[in-house]
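Read the structure below first, then the notes.
Number of protein chains: 2
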Amino acid sequence: MDRCEEKAIHVEKVKQVVSRLPEQDTLQGVADLFKALSDPGRVRIVLALAEAELCVCDLAVVCNLSDSAVSHQLRILRNLKIVRNRREGKIMFYRLDDHHVSALLHQSLEHVIE
Amino acid sequence: MDRCEEKAIHVEKVKQVVSRLPEQDTLQGVADLFKALSDPGRVRIVLALAEAELCVCDLAVVCNLSDSAVSHQLRILRNLKIVRNRREGKIMFYRLDDHHVSALLHQSLEHVIE
DNA sequence: TGGACATATGAACAATCATTCATATATTTG
DNA sequence: CAAATATATGAATGATTGTTCATATGTCCA
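Those protein sequences? They're chains A and B, same order as listed.
Mind the numbering: the first sequence is residues 0 to 113 in numbering that gives the first Met the number 0, read in order.
Mind the numbering: the second sequence is residues 0 to 113 in numbering that gives the first Met the number 0, read in order.
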């Protein structure tokens, strides 16, 4: 069953690495967060919200997408606690929920532009 | 044509935000980077490589995946300059290409665990 | 209350992606 | 050179995703 015993290359290193990895739930959470930011449209939304609080209609213009498409994507971002919303009359304003996300985006920009 | 003039909500804010957004290529690059990390298997690979340099076979054990699956995923990570490889005889060792990525992962862990 | 506006949601379809299996390449050893 | 090992790659298929369209909800104002 254990492949280490058949073709084992670096058993000790593997054991040590495995022992230091976070739990599966945490890995999944990280992957979900990254997945939320894996679409250029959503990246644009998040970067826009890093600049200013905006409503759905504003974001549709900024992203050149339909209101509906933006709304669908905002739900994804909302579910992952990446954005928060606030109603003011008919209008729903969105902003970033968390400063981590902005930092994350800017760090990744460094990697991409480098 | 310009939706701003029909249902315009916050024209000035929109203009300012748009002017501050990176180019589409950059947004796409960021999205690609995040997409590469949007799979728990690849997150596991990257976190493992943040701990030690490992070969494909080691990673297959660590991630409980086939060698082939790991190899496919490593190619994705390689194409995005997230990992580098080095051959030593028959064995191909992988390590992180860039300290940004490790920082990115740890920042996202904070968001998730919070 | 009814109509207009802003946003949200459900379903469906097209496009994209991950995994698997078979096969190919590269390296070492006999 | 042939066999064995480690890794890589191509093609196919099953799953996931984003967008669209139609419709629903919530809010304001006449």
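Quick reminder that beta carbons are idealized off the backbone N, C-alpha and C, glycines included.
From a predicted model like this one, the values you see are computed outputs, not experimental measurements.
Compare the C-beta of residue i with all C-beta atoms of chain B and state if any pair is closer than 8 Å.
i: V61 of chain A; result: yes
i: S37 of chain A; result: yes
i: K34 of chain A; result: yes
i: V111 of chain A; result: yes
State the Cα-Cα distance for the pair residue i and residue j, rounded to the nearest angstrom.
i: A35 of chain A; j: R41 of chain A; result: 7 Å
i: N84 of chain B; j: R94 of chain B; result: 6 Å
i: I44 of chain B; j: V29 of chain B; result: 19 Å
i: L104 of chain A; j: V82 of chain B; result: 20 Å
i: K14 of chain B; j: S67 of chain A; result: 21 Å
At which residues does the alpha helix (DSSP H) containing residue i begin and terminate?
i: E109 of chain B; result: H98 to I112
i: L32 of chain A; result: Q23 to A35
So, with DSSP's three-state summary, where would you put residue i?
i: I44 of chain B; result: helix
i: L53 of chain A; result: strand
i: L95 of chain B; result: strand
i: I90 of chain A; result: strand
i: N63 of chain B; result: coil
i: H71 of chain B; result: helix
i: L79 of chain A; result: coil
i: L20 of chain B; result: coil
Counting along the chain, where does the beta strand (DSSP E) carrying residue i start and finish?
i: N84 of chain B; result: V82 to E87
Within the 8 Å Cβ cut-off, does residue i reach chain A?
i: A68 of chain B; result: no
i: H71 of chain B; result: no
i: I44 of chain B; result: no
i: R86 of chain B; result: no
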